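Peer 1: Chains as they are written, first to last, in the numbering used here: chain A, 1 to 300; chain B, 1001 to 1333. C-beta: ideal position from N, C-alpha, C; glycine also. Please read these numbers as outputs of a predicted model, since none were measured by experiment.
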Amino acid sequence: MVFAVDWAGVAQQVVAGLSSGGIYAILAVAFVLIYRATGVVNFAQGELAMFSTFVAWTLTQHGFGYWPAFVVTVLASFAGGIALEGVVIRPVERASVLTIAIVTIGLFFVVNGAAFWIWSPEVKSMPNAFSTRPIRIAGVAFSISDLGIIGVSLLAVLVLWLFFRFTKLGLAMRAAALNPESSRLTGIRVSWTIALGWGLATALGAVAGLMAAPPLGSFDQNFMQPILLYAFAGAVLGGIDSALGAVIGSLVLGVFLNLLGTYVSWVGTDLRQAAALAVILGVLLVRPAGLLGTTVVRRV
Amino acid sequence: MSRVLRVATGVAIAAAAVALVLVLPHWLSDVKAAEFARAGCFFIAILGLNLVTGYTGQISLGHGALMAVGAYTTAILTADHGFRDLWTIPLAGLVAMAAGFALGLPARRLSGLYLALATFAFAVAMPALLKRFSGLTGGSQGINLFDQALNRSTGALGHVHVLGRTVATNDFLFYLTWGIGLVLAGAAWLLVRGRIGRAFRAVRDSEVAAASSGINTGFYKTLAFGISGFYAGVGGSLFVLVSNWFVSPSTFGFDKSLLLVVGAVVGGLGSLAGMALGALFIQFVPGWAANLSNAPGAPSVFFGAAIVLVMILLPGGLGGLLRRLTEPLTRRL
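Rendered as structure tokens:
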């Protein structure tokens, strides 16, 4: 049992947890974007993020620095997401939700396989985004990298929020997600806003992948899969139709997982995922629509 | 009149399916018979998934884990408790049925994606739990009945004596899986046509309307998960036999659960014949994809592309295509 609490250690673990939670949050917001636009969970979200990360890795191998590669990759991912929506999602736009979900599972296999095909299975490593030196705040050493990742995550979410809140396009996208039929009548091209949603989600995925890869040291084509799982869990925990909920849910999950892994030794690495999911299940049974989700009331 | 015709068509299709299962092993090589037997296990599990997702409208991403429950029931009873493997098949179904009921409990409160996550959690946790309780399950090594219970593993020595005839093991496994599969498909057909099936469909089409016509929606959702668990458990149990009497935690990773959903949707939810096509799809298409190119990742690209193409070209799945093809025939009758 713990007799004297090591507060500096706890603070370090919380910051580290917020950093991984921030990465989940970016991907979770991407989930929410596509969910609100189409009612579907994009199972390929994590693999698309992985693919973007490998594109950035290729750029860094050809003389790009980390940040120039970051900018190019995020823009390219935005365009790629829009194109992908046009090729594989547009044809099934009017099919059932389950059909679209299965298409994204197919996409999962395609993107994962393509990355193995293009970049061969050996592990890669990514240059660091932030200084690896620690920084001392009130006598406690924190990792600059962790703080940087938290900053970038919050910035990404903030930019997205500003876009949806204060631009006409953002308003159109919210309207199209809320009520496609009426939006069409007011002249919004709903198909186009869905494509735009895919573009934004894929760009967000690229940010998540590029934040997640460097601290891993080495990564392969499957590195986003556990992150996808946690982001999905974080989004559901917060309420899948609420972006703010997804961010809070992911941050809470990140901190919780880190503390669980550090202080509860019998959980170990094998049971960590299971334990996290069990706790989320417990929360959902009390609040079936997540922490901040809206309970849907349907007219019959 | 049309009702008589529909029943007659059903009986004719069933007779044709039985005849096909009886003659097919004569044309198949030993290896192919084993692959078809594996597809038979998927068929049974997908039949169960179809009851939950296709007829009751509840998403389950956890059916691979229910298969694991059935598989481990068979492995443990045969290895440690002196049961003959074949007798454990119904027991595996019952144990998985209990697990299915438990998995169905969250469905009373959760719906849509929230339920998907709850069932997915079960699928993700299963391999970790199997490794954790290694005293019972053999940990990550798994259980190998070939080593531990050779004399209780039917056909492990290469052939089986049935009704005075000697049948090659893989042919026997083919008859066993598809025979059980057809019986369970018949049971599912009767179920969805009866009172329970009507309640299932009512819950799927409108939960509120179902509740206001006096259907206990929570009860029927849990029931669907329970019955479905029985199917998945039988499928999992047979899966041990067709996997050379071996099972380990990695046999039932969460990818199996996803694969079953893919099989059910590609087959066409709500169509029983489509479920067989879906099972054949997830058994054989990955192999064909690997034949096209064995570069790392290439088979996965082709398999994924096949899924996307089927969904784009046939939103109703392969079963929907089947229905469209046979409809003019049955209408003219």
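Using Cβ-Cβ distances below 7 Å, what residues of the stretch 110-128 of chain A are close to chain B?
Peer 2: V110, N112, G113, A114, A115, F116, W117, S120 and P121
Peer 1: DSSP three-state call for N1144 of chain B: helix, strand or coil?
Peer 2: In the three-state DSSP reduction, N1144 of chain B falls in the strand class (E or B).
Peer 1: For Q1283 of chain B, which option in B:L1051, B:D1080, B:E1207 and B:A1264 has the closest C-alpha, if you only look at C-alpha atoms?
Peer 2: Taking the Cα of Q1283 of chain B as reference, the smallest distance to any Cα among B:L1051, B:D1080, B:E1207 and B:A1264 is reached at B:A1264.
Peer 1: Could you say which of B:V1160, B:F1122 and B:N1294 lies nearest to G1064 of chain B if we only look at CA atoms?
Peer 2: B:F1122
Peer 1: Whole-angstrom Cβ separation of F1225 of chain B and V1052 of chain B, contact assumed at under 8 Å?
Peer 2: 6 Å
Peer 1: Among A:I144, A:A44 and A:V140, which one has its Cα closest to the Cα of T132 of chain A?
Peer 2: Checking every option, the nearest Cα to that of T132 of chain A belongs to A:I144.
Peer 1: I'd like to know whether the C-beta atoms of T60 of chain A and P127 of chain A end up nearer to each other than 8 Å.
Peer 2: yes
Peer 1: Taking I1180 of chain B as the reference, give the member of B:V1007, B:P1286, B:P1090 and B:M1311 with the closest Cα.
Peer 2: Checked all of B:V1007, B:P1286, B:P1090 and B:M1311; the closest Cα to I1180 of chain B is B:P1090.
Peer 1: State the start and end residues of the unbroken alpha helix (DSSP H) segment that holds R1204 of chain B.
Peer 2: Note, R1204 of chain B: alpha helix (DSSP H), R1195 to D1205.
Peer 1: Assign D241 of chain A to buried or exposed, taking buried as 16 or more other Cβ atoms, counted over all protein chains shown, within 10 Å of its Cβ.
Peer 2: Per the 10 Å Cβ criterion, buried.
Peer 1: Alpha carbon to alpha carbon, what distance is there between H1026 of chain B and N1170 of chain B?
Peer 2: 12 Å
Peer 1: Report all residues from its chain with a CB closer than 7 Å to the CB of L1028 of chain B; omit the five preceding and five following residues, and keep chain order.
Peer 2: F1036
Peer 1: Would F31 of chain A and A176 of chain A qualify as a contact pair, given that the criterion is a beta-carbon distance under 8 Å?
Peer 2: no
Peer 1: Distance check for L155 of chain A and G1267 of chain B, CA to CA, integer angstroms please.
Peer 2: 44 Å
Peer 1: Taking only three categories from DSSP, how would you classify R136 of chain A?
Peer 2: Strand.
Peer 1: I think I34 of chain A touches W198 of chain A, with their Cβ atoms under 8 Å apart; what is that distance to the nearest whole Å?
Peer 2: 7 Å
Peer 1: Give me the Cα-Cα distance between G1054 of chain B and G1112 of chain B, rounded to the nearest whole angstrom.
Peer 2: 14 Å
Peer 1: I need the boundaries of the alpha helix (DSSP H) containing T1088 of chain B, first residue and last residue.
Peer 2: Secondary structure note for T1088 of chain B: its alpha helix (DSSP H) is the uninterrupted segment T1088 to G1104.
Peer 1: In the DSSP assignment, the alpha helix (DSSP H) including T60 of chain A goes from what residue to what residue?
Peer 2: Q45 to Q61 is the span of the alpha helix (DSSP H), which, as asked, contains T60 of chain A.
Peer 1: Is the beta carbon of G301 of chain A sitting closer than 8 Å to the one on L257 of chain A?
Peer 2: Residue 301 of chain A lies beyond the range of chain A shown here (1 to 300); nothing can be said about it.
Peer 1: With a cut-off of 8 Å, do at least 3 Cβ pairs link the stretch 164-180 of chain A to the stretch 207-217 of chain A?
Peer 2: no
Peer 1: Can you confirm whether Q273 of chain A, when its beta carbon is compared against all beta carbons of chain B, has any partner nearer than 8 Å?
Peer 2: yes
Peer 1: From what residue to what residue does the alpha helix (DSSP H) around R272 of chain A run?
Peer 2: R272 to V286
Peer 1: Please decide whether M1311 of chain B counts as near chain A, where near means a Cβ-Cβ distance under 8 Å.
Peer 2: yes
Peer 1: For F1042 of chain B, write down the residues that DSSP places opposite it in a beta bridge.
Peer 2: For F1042 of chain B, which the question treats as bridged, DSSP gives no partner whatsoever.
Peer 1: To the nearest angstrom, how far is it from the Cα of A201 of chain A to the Cα of V1007 of chain B?
Peer 2: 50 Å
Peer 1: Would you call G21 of chain A buried or exposed, if buried means 16 or more other Cβ atoms sit within 10 Å of its Cβ?
Peer 2: Buried, since its Cβ has 16 or more Cβ neighbours within 10 Å.
Peer 1: Could you give the distance in angstroms between the alpha-carbon of L1325 of chain B and the alpha-carbon of L1313 of chain B?
Peer 2: 15 Å
Peer 1: Using a Cβ-Cβ distance under 8 Å, would R1132 of chain B count as near chain A?
Peer 2: yes
Peer 1: Buried or exposed for E122 of chain A, please, with buried defined as at least 16 other CB atoms from any protein chain shown within 10 angstroms of its CB.
Peer 2: exposed
Peer 1: Beta-carbon of I1046 of chain B versus every beta-carbon of chain A: anything under 8 Å?
Peer 2: no
Peer 1: If we call anything under 8 Å between Cβ atoms a contact, is L237 of chain A one with G282 of chain A?
Peer 2: no
Peer 1: Given M1126 of chain B, which residues of its chain have a CB within under 7 Å of its CB, disregarding the five upstream and five downstream residues?
Peer 2: Taken in chain order, the residues that qualify are A1065, A1068 and F1252.
Peer 1: Please state whether DSSP places T1073 of chain B in a helix, a strand or coil.
Peer 2: helix
Peer 1: Which chain A residues are close to I1307 of chain B, counting only those with a beta carbon under 8 Å from its beta carbon?
Peer 2: I102, V103, I105, G106 and F109
Peer 1: Check the Cβ of P236 of chain A against every Cβ in chain B and list those closer than 8 Å, keeping chain order.
Peer 2: Reading the sequence as shown, one finds Val at residue 236 of chain A and not Pro. Result: L1113, Y1114 and L1117.
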